[in-house]
Amino acid sequence: MPAFDEPRFLAGLLWALALSGAAAAAALFVRPAPYGRHTRAGFGPRIPARTAWIVMESPAVVVFAAAYAAGTHARSLLPLSFAALWLLHYAHRSFVYPIVTYRPGQRPTPLLVVLLGFSFNVVNAYANARFVSQYVVYDGADLVRPTLYLGVFLFSCGFSINRWADGVLRRLRAEGKGYQIPRGGLFELVSCPNYLGEIVEWVGFALATRSPAAWVFAFFTACNLAPRARAHHRWYRRTFPDYPPGRRALVPYCW
Ligand SMILES: NC(=O)c1ccc[n+]([C@@H]2O[C@H](COP(=O)([O-])OP(=O)(O)OC[C@H]3O[C@@H](n4cnc5c(N)ncnc54)[C@H](OP(=O)(O)O)[C@@H]3O)[C@@H](O)[C@H]2O)c1
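In terms of my numbering, the sequence shown is residues 0 to 254.
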């Protein structure tokens, strides 16, 4: 039996992820993913939103940690730093975000969305961990590459923007008045600074790590969140007649 050719397997996986990201974007520009304010009937059974987030996102912690540990660079400083950035984001997204965002009466999430998110996170975490701890070629020039510092800077900015914007929305929700127009900071420029932050974060991660898996993930994130930002933006405009007219969907002053 031929030996398992992991680099070839990973290359196929990344192509499949990139193509499914493009296909998802095409579909999501027509109909947004059916969770949150875009929930609608016809997507089968649903489970509580808090459980849904934890089930969907936790492979990004568990699978990443296991696949990372198997790599030959797992104990080197730079890969360890990249793993720390990844785990910082995903420990929050998988276990803190669903708990702090929880509120009684939260809309349940279709099981189909959960299964798709879960499968994506298994594959994506495996591919990213294997590249960071095994297949990225590290050399003596790593610490003098400007893209390392630019990438970490972008990751930090994106992470902060995402956390801040999710916090603003959470506090609005906690007021118990339903959906409101978010105001202040980047919300004056775009409807979805949380999505903008998330995309910037993963572009930064890709720049810093030089990992093909990270670039595919950044692309997939944009494919997923750009259509959702447009759907949110249109929804805000339909719902609030006084919605600020100069505000864009995702990219300040542009789109
Ligand atoms: N990497 C990826 O591909 C990916 C994919 C999806 C999500 N994410 C990240 O996951 C996080 C959550 O995503 P999401 O799609 O659920 O974000 P979202 O639609 O902006 O909703 C976030 C939370 O805020 C509430 N909310 C939103 N707008 C509100 C408003 N105007 N007034 C009051 N409450 C409001 C929502 O309530 P409702 O649920 O009732 O609408 C929900 O609890 C974001 O940080 C996003 O970047 C990442």
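Cβ coordinates follow ideal geometry from the N, Cα and C atoms, glycine included. Source: prediction; values computed, not measured.
Whether residue i touches residue j by CB criterion (8 Å)
i	j	result
H37	A230	yes
P109	Y34	yes
C191	A140	no
P6	Y134	yes
P44	P226	no
G150	A217	no
Y137	L79	no
P251	L188	yes
S93	I53	yes
Residue i beta carbon near ligand 1 (any heavy atom closer than 7 Å)
i	result
G175	no
G183	no
A89	Note on identity: in this sequence residue 89 is Tyr, with Ala being the wrong assignment. The answer is no for Y89.
Y242	no
L168	yes
D141	no
N127	no
G20	no
G35	yes
T50	no
Q133	no
Neighbourhood of residue i by C-beta distance below 6 Å, restricted to the same chain and skipping five residues each side
i	result
T100	R169
R106	T38
A59	Y89, N120 and A124
DSSP state of residue i mapped onto helix, strand, coil
i	result
R233	helix
I180	coil
V189	strand
R45	strand
P109	strand
R169	helix
R36	helix
R247	strand
V95	helix
Residues of its chain near residue i, where Cβ-Cβ distance is below 7 Å and the 5 sequence neighbours each way are ignored
i	result
A73	Y67 and S132
Chain-order list of residues whose beta-carbon lies under 8 Å from that of residue i (same chain, five-residue window excluded)
i	result
G183	V167
T220	E197, I198 and W201
Below-8 Å beta-carbon distance, residue i vs any chain D residue
i	result
A228	Of the chains in the structure shown, none is chain D; there is only one protein chain.
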